[in-house]
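With the sequence shown counted from 1, adding 1047 to any position gets you our numbering.
Every residue gets a Cβ at the ideal spot worked out from N, C-alpha and C, and that includes glycine.
Keep in mind that this is a model prediction, so the values were computed, not measured.
For reference, the structure discussed in these notes is given below.
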Amino acid sequence: MAPTLGPDVVVGVIGAGTMGAGIAQVAAANGHRVLLADASASAVAKAKDGHAKAMAREVEKGKRSQAEAEALLARLSYISGVAPSDLEDFAPCGLVIEAIVEDLAIKQTLFRSLESVVSREAVLATNTSSLSIAAIAGGCQRAERVLGIHFFNPAPVMALVEVIPALATDAAVLEAGRGLVERWGKVAVVASDTPGFIVNRIARPYYGESLRILEEGIADVATIDWALRTLGGFKMGPFELMDLIGNDVNYAVTRSVFEAMYFDPRYRPSLTQRRLVESGWLGRKAKRGYYDYRDGAVAPPATEDEVLGRTIRDRVVAMLINEAVDAVQLRVASPEDIELAMTKGVNYPRGLLTWGDALGPAAVLATLESLQQEYGEDRYRPSPLLRRVAKSGGKLLP
């Protein structure tokens, strides 16, 4: 199979939520005719309004001329409905990207319906953040044309895109997908079809270990955020970030990775976060989360104790580095793509393998071994690759 995903290809996007609308905008900004559909008419209307407002802002800021903004908007067409009859409009599409609810059965049904509409050369892509690409492709007659193209939110702004082939994905399809993403000005990294791919797998300890520190009473939310932001160099603390992402979304990804990894304790979800979700404290969008965002609420002060802060930082960073090293060991992605993914996808202050080399692999190993001895949990087991590099005195990043 040799798909042609050139500048003239018509791009379909199914799912007009934040991610789908953003992906549609990226494609239209790169000159493609784009069809954006959603089962919800209100979601389609909101996406259309959002595109108009985004272009108005870009014109106002001088990033785009009025003529360019109008031309971009003219390339976007909107469809209310994703029933088989509605999908007939996608017949001209050479690429369709779905960004619908994270439900395997629903995605499989959609892809089967699309197969009867688009040409044999069309590529079908999923923006899933945690589901198996192989499972989504497995419901298709031509699984070789299915792959993952995972954008990060907001898609027009975030540089990183993970490109994920399933076992059956044709090599030409992978190269065509990666090439298109790069022509769109994005940084493309190739990930294996494993739970969480690169970013959502490796980033889990940033949330999970911070929650564990909170649950143990070592420090409060504000202090942990202060330690990782001020002493660790992260742009946002873990609790600030979970509130921004949405605790429902963050918890769902953690649970999905945990279950898909056969309940490995490294990825165990937090009961604290589950209770917040059950209470409807979803973060900024609900005005309550780890912080209170209601009018008049006062942010809690952090305890700016540098000794305590460094302890928290070192514990979380060691867990993150270990996860990155294990991803190299298990060939989730190349070391270079892992470094790109964590700096471009979640804006970490430096690549985790680079960070591990700066601290010294032996020092990272010592931190993990100390935690494992204290807690007696497999959660803190060091990667075999980390042990080998620490013992040899070598580097994590070749």
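Asked	Found
DSSP beta-bridge partners for Tyr-1125?	Leu-1083
Let me make sure I understand the geometry here. Which of Ala-1169, Ile-1196, Arg-1313 and Val-1165 has the alpha-carbon closest to that of Ile-1180?	Ile-1196
For the 8 Å Cβ check, are there 3 or more pairs between the stretch 1200-1209 and the stretch 1064-1079?	yes
Quick check: Arg-1192 and Met-1048, are their CB atoms within less than 8 Å of each other?	yes
Mind reading off the beta-carbon distance from Ile-1245 to Val-1379? Whole number of angstroms is fine, and I expect it under 8 Å.	6 Å
Hey, is the stretch 1353-1373 in contact with the stretch 1251-1266, meaning 3+ C-beta pairs nearer than 8 Å?	yes
Within 10 angstroms of the Cβ of Phe-1199, are there 16 or more other Cβ atoms? Answer buried if so, exposed if not.	buried
Less than 8 Å between the beta carbons of Glu-1209 and Cys-1187, yes or no?	no
Measuring straight from C-alpha to C-alpha, what distance separates Ser-1177 and Ser-1303?	7 Å
In three-state DSSP terms, what is Asp-1339?	strand
Please look up how many angstroms separate the CB atoms of Ala-1063 and Asp-1085, rounded, as I've assumed it's under 8 Å.	4 Å
Closest to Arg-1080 by CA distance: which of Gly-1141, Pro-1131, Leu-1377 and Gly-1109 is it?	Gly-1141
Comparing alpha-carbon positions, which option in Ser-1317, Arg-1313, Leu-1406 and Asp-1133 lies nearest Asp-1373?	Arg-1313
Which residues bound the beta strand (DSSP E) around Val-1268?	It is not in any beta strand (DSSP E) - Val-1268 instead sits in the alpha helix (DSSP H) that spans 1268-1273.
DSSP state of Gly-1423, grouped into three classes?	coil
With 8 Å set as the bound, which would you pick, yes or no: does the beta-carbon of Ala-1380 sit closer than that to a beta-carbon of chain B?	Absent from the structure: chain B. Only one protein chain is present.
Three-state secondary structure (DSSP) at Leu-1142?	strand
Between Pro-1285, Ile-1265 and Gly-1264, which has its C-alpha nearest Trp-1273's C-alpha?	Pro-1285
Is the beta carbon of Tyr-1253 closer than 8 Å to that of Leu-1134?	no
Check this for me: beta carbons of Ala-1036 and Asp-1240, under 8 Å apart or not?	Residue 1036 cannot be examined here, being either before or after the span of the chain that is shown, 1048 to 1445.
With H, G and I counted as helix, E and B as strand and the rest as coil, what does DSSP make of Val-1060?	strand
Counting pairs of Cβ atoms below 8 Å between the stretch 1280-1296 and the stretch 1324-1332, do you hit three or more?	yes
Could you check the C-alpha separation between Ala-1138 and Arg-1248 for me, to the nearest Å?	35 Å
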